[in-house]
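Asks: Residue 81 in numbering that gives the first Met the number 0 sits at position 82 of the sequence shown, with consecutive numbering throughout.
For each residue, glycine too, the CB sits at the ideal point set by N, CA and C.
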Amino acid sequence: MLALVVFDKEPEPGEEGGAKLAYVLMPLIDAFNHADLPAKTEFEFSAAAFRLRSPARYAKDGEVFISYGALGNDELLVRYGFVAPNDECANDTYVYQGLGAWLDANHEPIRKAKGADPERARAIKDARLETYVNMGVFKNDGSADENLEWALRCSLATPEEWRKAGGNCDGFKLGGGAPEKRARAALAAACAARLAEMETSVAQDEATLASGDAKDRARVAVQYRLAKKRILSRAAQKYA
């Protein structure tokens, strides 16, 4: 069997530039399963031999893993047809589509802030922070993208706080104080609401997997949605 392998190729003698990506068909490489590893898997080869060096240590007769790259579950599912189980995907994220619309419609402090200072939204847009609210990204540990938190601090600052910060978004980049608390409350409320909208809970998905009722693709689908719900759950707890 052959699989496409991507690795860093050192320049040849006399070749300009640093390491470049190289793409090769490698025999038997797809016999190794994926795991998040602390460093890159090293490939060494010559005309006579091929050596794979893992950055992790293994016990005798244990399964040897390689890393397919610093990928989230979305990429693992699309490229390879599986997701990392049991929160083992450190690079996974949850993308909260429509976060800004939800806050505008359901979070009273956001509505009040926009009504009190309509020009604030233009300042946030000029600072290129609007996109981070419309499509909020949460990391695997539940923490929100830094620019999302920054944008919410700007949105939720009182008129007096806004003036004291110079009337622009730069004054809220470092966080802290009352605007930080309001931003955290907004994130907690939005994440809790999104979890409540879902047809199944974290506990129900965990029970489905434990029962063994979900097979093949159905099992992968449950694993995928469970990983996303766990990120949302961690975010709701983190910002509460």
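1) Does the stretch 208-226 touch the stretch 175-182, meaning 3 or more C-beta pairs lie closer than 8 angstroms?
2) So, for glutamate 87: in the same chain, excluding its five sequence neighbours on each side, which residues have a beta-carbon less than 8 angstroms away from its beta-carbon?
3) For lysine 124, report the span of its alpha helix (DSSP H) as first-last.
4) Drop a sphere of 10 angstroms on the beta-carbon of threonine 40, count the other beta-carbons inside from all chains shown, and report buried for 16 or more, exposed for fewer.
5) Locate the beta strand (DSSP E) running through tyrosine 95, then write down its first and last residues.
6) Secondary structure at lysine 138, three-state DSSP: helix, strand or coil?
7) Is it buried or exposed for phenylalanine 44, if we count other Cβ within 10 angstroms and need 16 for buried?
8) So, do the stretch 133-152 and the stretch 76-92 have three or more beta carbon pairs nearer to each other than 8 angstroms?
9) What are the start and end residues of the alpha helix (DSSP H) that includes leucine 51?
10) Do alanine 177 and glycine 170 come within 8 angstroms of each other at the CB atom, strictly closer than that value?
11) So for leucine 1, helix, strand or coil by DSSP?
Replies: Let's see:
1) Contact fails: fewer than three Cβ-Cβ distances are below 8 angstroms.
2) Translated into the one-based positions of the sequence shown, residue 87 becomes position 88. So the list reads Ala34 and Asp35, once near-sequence residues are dropped.
3) Translated into positions along the sequence shown, residue 124 becomes position 125. Where lysine 124 is concerned, the enclosing alpha helix (DSSP H) stretches over 119-125.
4) For the purposes of this step, residue 40 is taken as the residue at position 41 of the sequence shown. The residue is buried, with at least 16 neighbouring Cβ atoms inside 10 Å.
5) Residue numbering aside, residue 95 sits at position 96 when the sequence shown is read from its first letter. Residues 92-96.
6) Your numbering for residue 138 matches position 139 in the sequence shown. Lysine 138 falls in the strand class under three-state DSSP.
7) Stepping through the sequence shown from its first residue, residue 44 is reached at position 45. With fewer than 16 other Cβ atoms within 10 Å, it is exposed.
8) Contact holds: three or more Cβ-Cβ distances are below 8 angstroms.
9) Numbered from 1 along the sequence shown, position 52 holds the residue referred to as residue 51. Note, leucine 51: premise wrong, no alpha helix (DSSP H); beta strand (DSSP E) at 49-52.
10) Taking the first residue of the sequence shown as position 1, residue 170 is located at position 171. Taking the first residue of the sequence shown as position 1, residue 177 is located at position 178. In this structure, alanine 177 does not lie closer than 8 angstroms to glycine 170 by Cβ.
11) Within the sequence shown, residue 1 is the residue found at index 2, counting from 1. Any reading at leucine 1 needs caution, since the residue's pLDDT is 45, under 50, leaving its predicted position unreliable; the model's value is listed next. Correct three-state label for leucine 1: strand.
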